[in-house]
Amino acid sequence: MSDRSTGSFVDHGPRADHSGGSRPQWIVEQLGPQKFSNACNAGFSGEGSQNSTCSSSCSEMLDCEDAPRAPVENNRLVSALWREKRKTRRVLRDKRRLEGEVEGLKKANISLAECNYLLAHHNSTLASSVTSLTMKCDETHIIVTGLVAQVREIDTTLRMIAEKLRAK
Numbered sequence: 003m004s005d006r007s008t009g010s011f012v013d014h015g016p017r018a019d020h021s022g023g024s025r026p027q028w029i030v031e032q033l034g035p036q037k038f039s040n041a042c043n044a045g046f047s048g049e050g051s052q053n054s055t056c057s058s059s060c061s062e063m064l065d066c067e068d069a070p071r072a073p074v075e076n077n078r079l080v081s082a083l084w085r086e087k088r089k090t091r092r093v094l095r096d097k098r099r100l101e102g103e104v105e106g107l108k109k110a111n112i113s114l115a116e117c118n119y120l121l122a123h124h125n126s127t128l129a130s131s132v133t134s135l136t137m138k139c140d141e142t143h144i145i146v147t148g149l150v151a152q153v154r155e156i157d158t159t160l161r162m163i164a165e166k167l168r169a170k
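Reading the sequence shown from the start, the letters are residues 3 to 170 in the numbering used here.
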């Protein structure tokens, strides 16, 4: 096996520094249908024997010694890519939903601001009406107090007139 495989698999070789997190990896940009033909995928999918030799198109891409590991790594990568694609779709769907909610909340906020303005206006009108009624109530109380005093005077005058008439 050579230090570097051909194709999209990066082989760091036997002298790779594994302590720094360096591992063999697939280069995502180079994977795709054009790299793995149907013949290679059929040979690696388990339909044939594991000890079968690589086809000529596969041997251009991978050494035969790497063939048993390649489909596993490829499947892992494809699975990871699909998971990320689903996550991305979910995130984008949630983003669109949240943007819709934000728009709805903005409209509700505008409506509430208008209602708040109207309520403040009505509240000030109500406060001025209550003030006016309070003033009128105070005026009425003063008038009633005056009328009560006048009624007492009239009552006193009538009693005096009644006593004078009885005395005659």
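Even glycine gets a Cβ: it sits at the ideal position worked out from N, Cα and C.
**Prompt:** If you run the structure through DSSP and keep just helix, strand and coil, what is K170?
**Reply:** Reduced to three states, the DSSP call for K170 is coil.
**Asked** Which residues in the same chain have their Cβ closer than 6 Å to the Cβ of D157, if we skip the five residues on either side of it in sequence?
**Response** Close CB contacts of D157 within its chain, under the 6 Å cut and outside five residues either way in sequence, are absent.
**Message:** Give the list of continuous alpha helix (DSSP H) stretches no shorter than 4 residues that lie fully inside the stretch 100-141.
**Reply:** Entirely contained in the stretch 100-141, not one alpha helix (DSSP H) run reaches 4 residues.
**Prompt:** If we count the other Cβ atoms within 10 Å of its Cβ and call it buried at 16 or more, is C60 buried or exposed?
**Reply:** Only weak support is given to the placement of C60: the predicted model assigns it a pLDDT of 46, under 50, and the question is left unresolved by the model.
**Prompt:** Would you report the Cα separation of T90 and E105, rounded to the nearest angstrom?
**Reply:** Near 22 Å, if we compare the C-alpha coordinates of E105 and T90.
**Spatial distance of T159 from I144 (CA atoms)** = Straight across, the Cα-Cα distance linking T159 with I144 is about 23 Å.
**Euclidean distance between Cα positions of S7 and A72** = In this prediction, S7 scores a pLDDT of 45, lower than 50, which makes its location untrustworthy; no coordinate-derived value is stated.
**Asked** So what does DSSP say about M63, is it helix, strand or coil?
**Response** The predicted position of M63 is uncertain, since its pLDDT is 48 and thus under 50; no value can be drawn from it.
**Item:** Buried or exposed by the 16-neighbour rule on C-beta atoms within 10 Å, applied to N118
**Value:** By the neighbour-count definition (other C-beta atoms within 10 Å, threshold 16), N118 is an exposed residue.
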